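Residue numbers (the numbering used here): 77 to 150. We put the beta carbon where it would ideally sit given N, CA and C, even for glycine. In this text, all values refer to a predicted model and were calculated from it rather than measured experimentally.
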């Protein structure tokens, strides 16, 4: 499943937690790419990530816990 992560509504977003979340829920993402996507997201641009279908519910819960707005693409 593909997700479009739109923005972060947290007052003080935790960059490390967001990057770690991306690595954990994504099918094929390394630390470097997750850090880069986190920076892009916090600058105000949306990022697209692909989530393993078996972990969909926990992935969406993790994104909500970090105050990340998302939309499901596929």
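- Here residue 94 is buried, its C-beta having at least 16 other C-beta atoms within 10 Å.
- Remark: C-beta atoms of residue 143 and residue 85 approach each other more closely than 7 angstroms.
- Taking 7 angstroms as the cut-off, the beta carbon of residue 146 is found no closer than this to the beta carbon of residue 99.
- Shortest Cα-Cα distance from residue 131 to any of 122, 97 and 107 involves 97.
- By the neighbour-count criterion, in which a residue is buried when 16 or more other Cβ atoms sit within 10 angstroms of its Cβ, residue 108 is exposed.
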